[in-house]
Each structure stands twice: as structure tokens, then as C-alpha cells.
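Written below as C-alpha cells is the structure these notes are about.
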Amino acid sequence: MKLLGKKLYMTSVFDENRVQIPVTVLEVGPCKITQIKTKENDGYKAVQIGYSETREKLLTKPKLGHLKKSGDSLLSKLVEFRTDEVDNFKLGDTLTVDRFFKGELIDITSRSKGRGFTGVVKKFNFRGGPKTHGQSDRLRTPGSVGASSYPSRVIKGKKMPGHYGDRNVTIKNLEVIKIDNENNLLLVKGSVPGSRNSYVLVSKR
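With this note's numbering as the guide, the letters of the sequence shown map in order to residues 803 to 1007.
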């Protein structure tokens, strides 16, 4: 099962042994089931959920017609996940954070922060060149990148400067530290990719 949410901020909490734990606060749900796909109608089994209320003028007419099948909710973010247990879900039902429990291990997928065009020192943790022997302008260069006379080209997959970040990243086995059912908050141990208010997909293992 998966739920949509937003990354709010990072903070720290203390456990019963007074040990400080860094946590990321997520607002997870409530998510509404907007479509149930079956093998007979769609060729596979899946459940589609919606999240984040928005205004009607910001949605297209096809999306409005699709959402009316599950109720009158105006949801801007839709995502589906495959499951063989589609019989356990009902169209229009609401999924909340109470489906998780303290101490559970979950996976979180989000879009990482974009860093633009980046060199190899920052992108791949290269150490750079020597700072002595007359070298003054090539400290952060990757060094030699080509092969010898054969095959006389740069091998595919070579670690080179380029676009860094702004990609889907999944962090696995994050521990649930605390659950606030009243405010739909989920506190997980450690950091989560993405900037503040970015969408996250929380998956039960």
C-alpha cells in the first residue's frame, strides 16, 4: 500500500531513553481512492489514489470527469500502485496515516533537489588534482578521461561533469518514530530527499 504526502521540515525528538533522534516531518494523506483497476477491465490490478485539494479552475475537464466518479473532491495529484488485494479497497474511500504504526519500516520516494550543472568533485566526490608542482588552475578537474590508442575514445558511463540532482530517489527502511493521526503527520527517522513542500510517496514494505 502507498500514500501520497508532502515533506514539511526536519526537527528532532527524544525517545524514552532521552536519546535525540533527527526526524523528517511528513504530512501524509488523507488520500482518496479515485479508481480501482481490475484485470478484466484494464488488464492488470491496481489502485489509484488522489491527494492535495485544489481549485476547479486549475483542473482540466477530463480530470474533473474522472474525479467525479469517486466523489466531488478536487485533487491535483494522482498516482496508482499495483496490488493483488484490490478487493480490500472501495472507490471513494479515504486512506489516512493511521494505516502505519510506530517502529514500522517504510520506503519513501521523492524528487531530489536540483543542483544544476556540477563538477565531478561535488557530483562524485572526486578529490581533484594536486595543489603543488606548479598546478594552479586544474584543482577540481577529473583528470584523464580518454583511453589509449585503443579504443581511442571515452568509454560509455564515464563519470563526468553534468546535471546533478532533480531525479526520483527512493530511500528504503526508514523507521516510523511517531504518528499524529489528528494532523496527518508522520515522523520518520533520518532525512528524506526533496525540498520543503515537495510531494513524497510513502510505501509500506
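The beta carbon of each residue, even a glycine, is placed where N, CA and C say it ideally should be.
Given this structure, state the Cα-to-Cα distance separating S1005 from S993, to the nearest angstrom. 16 Å
Using C-beta distances below 8 Å, list every residue in its chain close to K961, excluding the 5 sequence neighbours before and after it, in chain order. Contacts found: V922, K925, F926, F928, P944.
State the DSSP-derived secondary structure class of F902, mapped to helix, strand or coil. coil
Residues near N983 in its chain [Cβ-Cβ closer than 8 Å; skip 5 each side]: The residues are T898, V899, D900.
Give me the Cβ distance between V821 and L805, rounded to the nearest whole Å; I'm assuming they're in contact under 8 Å. Not confirmed; about 28 Å, so no contact.
How do the segment 808-827 and the segment 900-909 stand: do at least 3 beta-carbon pairs fall below 8 Å, yes or no? no
Taking Cβ positions, are K879 and N999 nearer each other than 8 Å? no
State the CB to CB distance for the pair L893 and I838, rounded to an integer number of angstroms; the pair is presumed to be in contact (CB under 8 Å). At roughly 6 Å, the Cβ-Cβ gap stays under 8 Å, so L893 and I838 are in contact.
Can you say whether T934 is buried or exposed, counting buried as having 16 or more other CB atoms within 10 angstroms of its CB? exposed
With a CB to CB cut of under 7 Å and the five nearest residues on each side skipped, what residues in its chain are close to N843? none
Distance between beta carbons of L941 and L828, contact taken as under 8 Å: By a beta-carbon distance limit of 8 Å, L828 does not contact L941. Their separation comes to about 40 Å.
Report the residue from G996, E855, D895, S814 whose alpha carbon sits nearest the alpha carbon of V971. Minimum Cα distance to V971 is reached at G996.
Residue burial classification, P953 (beta-carbon count within 10 angstroms, cutoff 16): exposed
Is K834 buried or exposed, if buried means 16 or more other CB atoms sit within 10 Å of its CB? buried
Does DSSP put D874 in a helix, in a strand, or in coil? coil
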